[in-house]
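Undergrad:
2 protein chains.
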Amino acid sequence: MKQATKTAIIGSGLIGCAWAVAFARGGCTVALYDQNTAAAGQAKDTLTNLASELEEADMLNGQTAHDIVQRVGIANTLESALSGAAHVQENVPEKLDIKQQVFAQLDATAPPDAILASSTSALLPSAFTEHLTGRHRCLVAHPINPPSLIPAVEIVPAPWTEPEAVERCAALMERIGQKPIRMTREIDGFIMNRLQGALLQEAFRLVADGIASPKDVDTGLRDGLAPRWALLGPFETIDLNAPGGVRDYVARYGAMFETIAAGQRETRDWTGDTLDRIEQSCRAMLPLDRIPQAQAERDSRLVALMKHLGQRKTNT
Amino acid sequence: MKQATKTAIIGSGLIGCAWAVAFARGGCTVALYDQNTAAAGQAKDTLTNLASELEEADMLNGQTAHDIVQRVGIANTLESALSGAAHVQENVPEKLDIKQQVFAQLDATAPPDAILASSTSALLPSAFTEHLTGRHRCLVAHPINPPSLIPAVEIVPAPWTEPEAVERCAALMERIGQKPIRMTREIDGFIMNRLQGALLQEAFRLVADGIASPKDVDTGLRDGLAPRWALLGPFETIDLNAPGGVRDYVARYGAMFETIAAGQRETRDWTGDTLDRIEQSCRAMLPLDRIPQAQAERDSRLVALMKHLGQRKTNT
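So the sequence lines, in the order shown, correspond to chains G and Z. At position 257 of the first sequence the residue is numbered 1372 (our numbering), and the sequence of numbers has no breaks. At position 297 of the second sequence the residue is numbered 1412 (our numbering), and the sequence of numbers has no breaks.
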């Protein structure tokens, strides 16, 4: 990028700060705004922590954490944050009335050609953009947290979002090193939570039906399926699992998966006895008060894993 | 293990050879038998290749590839392979009549207390063990390939399999460093293909419904969901994704996943136009004649990834 693109980040929680790091690492100038000035005051620490962890893992494209944090300004007003912004990334709480209110403000205040993107995971873009003058440039850009580490981001248009807005948003994401997933229309759960949901429904079903323990279901994904999936998507995986590629795979195994699917139509209750057993199993492995520590360990292992996966991709 | 356990591997294809390496690395004495003597003759090369790749990655517990291959004897007769074996791992072609015939031979010839385990992925253990005198010691031990690299293995009992047989098989797997999944009863697809099948059905559905391209669905798993899943199973993952653990997660997101599931009851046709589009996408990325090379690259990246994951597990 010859000229620094200005991005505005609205909401300075963990997701907002991780987006700020991702955009700054990619060469953008970033303005971070939070209407809660106390929250905005803590943002520099969060930014520094996120960027330092990536610096230690040599995942800042040769830049230092200091370089990154320097490129992020804390804006005192929404107006100054939005001024000159080409892309606005919203990260306010997941409540419909708040999103509606914030998007109305953004649409009224941001430059008319700025993309207005929400990080929401649970709300459809149509739910909070319908009545806006600039609804054609509104969409969802939903990351897996933290976006400074995990590259996939779902670009979800409302029915009135212009294809050009999806394309501009996706192009910016590619420029900063994210991996955009271009959706043709909005749908509950987008892509990633739909894939996760399908797998979770089966995980709960296996436990509800007493087929295996929660711990053993975890083993099947973590120590069985997932390593290959961290290298290859579902289609790439099956394409390499038959000599004649995906068509050959479907010919060989399609009937088996049809039989399996016949037993997967009905969901199970996620609460009651099934949840009791899953919770017991989780708490036996990890007491509730150690969750924060386990989250920190997961995050640090995830940094190391992403570094490893990135290295391999460069080498091959 | 103070005393070397003898295991017999029946069928010397890639899966049989990978099992031989896994058992030998774990300290077992291994007898490998194939009724096709030409296949058996090639086994030493396959064993050497598998073991050497693991030696280069320092994944043989300090042993050399030579140590491993030395511990595997090619048996000239089924009788000599089975003589004194505590565990028999069958890897013959996935055809019901062949499995029935081979299991009848194994039950008639193996020591009466040997566990008879099949590597089948597609057949239920009841389908080829019902009429055997020793059906109480027959089960499926289904790996993800290659078991010398991927630790998860599903232990699947037939209705008449003694719990003690499941336990002995699982204990042996643990001793050699595999991660056994103890199933309480047989079910189509076992655990891992049921989880994979649920996810694949959604992947095909997203493409069939035109929501995203096959390539973008691949991105969502590979660059979004899977890295975390390579560290944590599905329940561990959601347990760390809410401050109050899995119960809190279900309270927060259960309704969202119910909404998603409502749109996932009907499967889509995996053939026709949907398969055409997936195949086109796969072939655009990878011509058919380059599949063997891509498989080799995947295998080498998988070795490096498993080494990385193993290191992290030891360090944390």
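Built from N, CA and C at the ideal position, the CB exists for glycine as well. Note that the coordinates shown come from a computational prediction; the quantities given were computed from them, not determined experimentally.
Quick one: what's got a C-beta closer than 7 Å to G/Val-1217's C-beta in the same chain, skipping five residues either side?
TA: Correct list, in chain order: Ile-1125, Glu-1205, Val-1207.
Undergrad: What number of angstroms, rounded off, separates the C-alpha of G/Leu-1169 from the C-alpha of G/Ala-1285?
TA: Between G/Leu-1169 and G/Ala-1285, the C-alpha separation is close to 23 Å.
Undergrad: Hey, is G/Asn-1308's beta-carbon within less than 9 Å of any beta-carbon in chain Z?
TA: With 9 Å as the cut-off, G/Asn-1308 counts as an interface residue toward chain Z.
Undergrad: Do we get a CB-CB distance below 9 Å when we pair G/His-1435 with the residues of chain Z?
TA: Limits of chain G in this structure are 1116 at one end and 1431 at the other, which puts residue 1435 of chain G out of reach.
Undergrad: Would you call the CB atoms of Z/Met-1288 and G/Ala-1237 closer than 9 Å?
TA: Cβ distance not < 9 Å, so Z/Met-1288 and G/Ala-1237 don't count as in contact.
Undergrad: Give the straight-line distance between the Cα atoms of G/Glu-1317 and Z/Pro-1358, rounded to the nearest whole angstrom.
TA: The alpha-carbon atoms of G/Glu-1317 and Z/Pro-1358 are separated by roughly 24 Å.
Undergrad: Indicate the three-state DSSP secondary structure (helix, strand or coil) for G/Lys-1121 in the structure shown.
TA: Strand at G/Lys-1121.
Undergrad: In terms of residues, what are the limits of the beta strand (DSSP E) holding Z/Val-1184?
TA: Element bounds for Z/Val-1184: not the beta strand (DSSP E) but the alpha helix (DSSP H), 1180-1185.
Undergrad: What does G/Gln-1204 pair with, by DSSP beta-bridge criteria?
TA: Answer is G/Ile-1124, G/Ala-1232, bridged to G/Gln-1204.
Undergrad: Below 8 Å on the Cβ atoms is my guess for G/Pro-1434 versus G/Val-1271; work out the distance and round it to an integer in Å.
TA: No statement about residue 1434 of chain G is possible, as the shown extent of chain G runs from 1116 to 1431 and does not include it.
Undergrad: Is there contact between the segment 1386-1404 of chain G and the segment 1321-1338 of chain Z, where contact requires at least three CB pairs shorter than 8 Å?
TA: No: fewer than three Cβ pairs fall under 8 Å.
Undergrad: By Cβ distance below 7 Å, which residues in the same chain neighbour G/Leu-1165 in space, the five residues on each side in sequence not counted?
TA: Answer for G/Leu-1165: Cys-1132, Ala-1133, Val-1136, Pro-1261, Ser-1263, listed in chain order.
Undergrad: Should Z/Thr-1244 and Z/Leu-1231 be called a contact, given that it needs their Cβ atoms to be closer than 9 Å?
TA: Contact: yes.
Undergrad: Following the continuous alpha helix (DSSP H) through Z/Cys-1397, name the residue where it begins and the one where it ends.
TA: 1387-1400 is the extent of the alpha helix (DSSP H) around Z/Cys-1397.
Undergrad: Identify whether Z/Ile-1265 lies in helix, strand or coil by the three-state DSSP scheme.
TA: Looking at Z/Ile-1265 - three-state DSSP - the assignment turns out to be coil, as it is neither helix nor strand.
Undergrad: At 7 Å on the CB atoms, spell out the chain Z contacts of G/Lys-1294, in chain order.
TA: What G/Lys-1294 touches in chain Z: Thr-1334, Asp-1338.
Undergrad: What residue does the alpha helix (DSSP H) around G/Arg-1297 start on, and which one ends it?
TA: Taken as a continuous stretch (DSSP letters only), G/Arg-1297 belongs to no alpha helix (DSSP H), being part of the beta strand (DSSP E) at 1294-1297.
Undergrad: Which residues in chain Z sit within 7 Å of G/Met-1174, going by Cβ to Cβ distance?
TA: Within 7 Å Cβ-Cβ: nothing; G/Met-1174 doesn't reach chain Z, min ~13 Å.
Undergrad: Got a sec: is the Cβ-Cβ distance from G/Asp-1388 to anything in chain Z below 9 Å?
TA: G/Asp-1388 does not count as touching chain Z.
Undergrad: Would you say G/Leu-1454 lies against chain Z (beta-carbon separation less than 9 Å)?
TA: As displayed, chain G neither begins before 1116 nor continues past 1431, which places residue 1454 of chain G out of reach and without an answer.
Undergrad: Quick check on the burial criterion: 16 or more other C-beta atoms within 10 angstroms. Buried or exposed for G/His-1202?
TA: Its Cβ being crowded by 16 or more others within 10 Å, G/His-1202 is buried.
Undergrad: According to DSSP, is G/Ile-1306 part of a helix, a strand, or is it coil?
TA: G/Ile-1306: coil per DSSP, three-state reduction.
Undergrad: By the three-class DSSP mapping on this structure, what secondary structure does Z/Gly-1131 have?
TA: Here Z/Gly-1131 sits in helix by DSSP.
Undergrad: Near G/Tyr-1364, what residues of its chain come up, given a Cβ to Cβ distance below 8 Å and the 5 sequence neighbours on each side ignored?
TA: Ile-1353, Asp-1354, Asn-1356, Ala-1357, listed in sequence order.
Undergrad: Is the shortest distance between the beta-carbon of Z/Arg-1343 and the beta-carbons of chain G less than 9 Å?
TA: True, the Cβ-Cβ gap to chain G drops below 9 Å.
Undergrad: Can you tell me the Cα-Cα spacing of Z/Val-1255 and Z/Thr-1235, whole angstroms?
TA: The alpha-carbon atoms of Z/Val-1255 and Z/Thr-1235 are separated by roughly 7 Å.
Undergrad: Tell me whether G/His-1181 is buried or exposed, calling it buried when 16 or more other Cβ atoms sit within 10 Å of its Cβ.
TA: The residue in question, G/His-1181, is exposed, as its Cβ has fewer than 16 Cβ neighbours within 10 Å.
Undergrad: By alpha-carbon positions, which one of G/Thr-1276, G/Cys-1253, G/Asp-1331 ends up nearest to Z/Phe-1305?
TA: Nearest option by C-alpha distance: G/Asp-1331.
Undergrad: Report yes or no: is there a C-beta of chain G within less than 9 Å of the C-beta of Z/Ser-1328?
TA: Yes, contact with chain G.
Undergrad: If we cut at 9 Å on Cβ distances, does Z/Ala-1267 have a partner in chain G?
TA: Yes, because at least one Cβ of chain G sits closer than 9 Å to the Cβ of Z/Ala-1267.
Undergrad: Give me the chain G residues within the contact set of Z/Trp-1385, using Cβ-Cβ distance strictly less than 9 Å, ordered along the chain.
TA: Residues of chain G passing the Cβ test: Val-1365, Gly-1369, Phe-1372, Glu-1373.
Undergrad: Measure how close the beta-carbons of Z/Ala-1419 and G/Trp-1344 come, nearest whole angstrom, since I'm counting them as under 8 Å.
TA: Not a contact, Cβ separation roughly 16 Å.
Undergrad: Taking 9 Å as the threshold (C-beta atoms), are G/Cys-1143 and G/Ala-1119 in contact?
TA: A contact, by the Cβ cut-off of 9 Å.
Undergrad: By alpha-carbon positions, which one of G/Thr-1299, G/Pro-1266, G/Pro-1274 ends up nearest to G/Gln-1293?
TA: Residue G/Pro-1266 is the option with its Cα nearest to G/Gln-1293.
Undergrad: Go to Z/Pro-1227, then tell me how far its alpha helix (DSSP H) extends in each direction, as first and last residue.
TA: Per DSSP, Z/Pro-1227 belongs to no alpha helix (DSSP H) and is neither H nor E.
Undergrad: Enumerate in chain order the residues of its own chain whose CB-to-CB distance from G/Pro-1274 is below 8 Å, with the five nearest sequence positions on each side excluded.
TA: Ser-1241, Arg-1300, Glu-1301, listed in sequence order.
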